[in-house]
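Residue numbers (the numbering used here): 142 to 444. Quick reminder that beta carbons are idealized off the backbone N, C-alpha and C, glycines included. Since the model is a prediction, treat every value here as computed from it, not as a measurement. A quick write-up on the structure given underneath.
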């Protein structure tokens, strides 16, 4: 929900515009719009917002095959954007649908077409959903390519030690790891961004990326390559969904080039993958909300 001041209540009111989103859904949306089939594994509410969410998924080609219905309410995030387009979040999620997932929700088997599982944001730390997602990742890590983006949100889970612990548990399972410079600076102040990339690769990742907002991204691979990709100057409307766009673009690029699974990703042209992802993210920043671009829009975008 995008919040802005309102004249109601003597000038103390708030007007909101409801936009469908959430980090994992944004990634699935981005993949679908880029032409890579994607679905969402979550609990989804039967309430009004849940029904709107399911309709949005259907309209955008995101499969709900692995969605589990519940009467728990839908998570709501209020978003305030500053003059620079940077968002500030207030997230209401205690007992909500996607934050109450249990291991019993995990499908006994995933379809043969599922070769990538992406996990991210506070869902991997907030319980009981965090335990459920980690259980899924541990079960499937040998059979499928796991990608992970911590996407730290301290307004939901304030315990930085817990964030570090959960990230440490996820790194050995992931073939692709992405974090932002803000994530690294918050959890490991004083450490260079390249240090985090090295930690992810040593833990077993094929590829690791750190996004740097308008300054682009750093990309590293398990074979020792490291590259810095510059940012693209754009007129920023807001930065909501930019990191999710980056992740979706990385996964699309790897999938399109048959570079997921069995150590294939380490052979990727990391400058090309990160460059494509930076371009896609910059385009998202020119639009309001997590309005992720299509492949045609990315290819036509001059920056």
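- Taking the Cβ atoms as the reference, residue 352 lies roughly 6 angstroms from residue 384, within the contact range of under 8 angstroms.
- For residue 417, no beta strand (DSSP E) run applies; the uninterrupted alpha helix (DSSP H) run containing it begins and ends at 411 to 426, by DSSP.
- Secondary structure at residue 221: strand, using DSSP grouped into helix, strand and coil.
- When secondary structure is reduced to three states using DSSP, residue 247 falls in the coil class, being assigned neither helix nor strand.
- Leaving aside the five residues that flank residue 181 on each side, the residues in its chain whose CB is nearer than 8 angstroms to its CB run, in chain order, 165, 166, 169, 198, 203, 204, 205, 207, 208.
- When the alpha-carbon of residue 191 is set against those of 210, 175, 420, 242, the nearest one is in 210.
- By the Cβ neighbour-count rule, residue 189 is exposed, with fewer than 16 other Cβ atoms within 10 Å of its own.
- Contact between residue 297 and residue 267 is confirmed by a C-beta separation of about 6 angstroms, below the 8 angstroms threshold.
- In this structure, residue 341 and residue 301 do not form a Cβ contact; the two beta carbons are roughly 18 angstroms apart against a cut-off of 8 angstroms.
- When DSSP reads this structure, residue 145 sits in a beta bridge with 156.
- For the stretch 294 to 364, the full-length beta strand (DSSP E) segments reaching 3 residues or more read 317 to 321, 348 to 352, 358 to 362 along the chain.
- The C-alpha of residue 288 is placed about 6 angstroms away from the C-alpha of residue 318.
- By the Cβ rule, the stretch 417 to 427 counts as touching the stretch 364 to 379, because three or more pairs are nearer than 8 angstroms.
- Short of 6 angstroms from the beta carbon of residue 259, and not among the five residues preceding or following it, lie these beta carbons of its own chain, in chain order: 168, 288.
- In this model, residue 243 and residue 277 are separated by some 11 angstroms (Cα to Cα).
- Between the stretch 411 to 423 and the stretch 364 to 378 there are three or more C-beta pairs closer than 8 angstroms, enough to call the two in contact.
- Within the same chain, Cβ atoms closer than 7 angstroms to the Cβ of residue 147 are found at 154, 155, 156, the five residues on either side in sequence being excluded.
- Counting C-beta atoms within 10 angstroms of its own C-beta, residue 237 has 16 or more neighbours from the protein chains shown and is therefore classed as buried.
- Across the set 345, 386, 363, the C-alpha of 386 shows the shortest separation from the C-alpha of residue 321.
- Distances from the CA of residue 314 to each of 346, 435, 443 were compared; the closest alpha carbon is that of 346.
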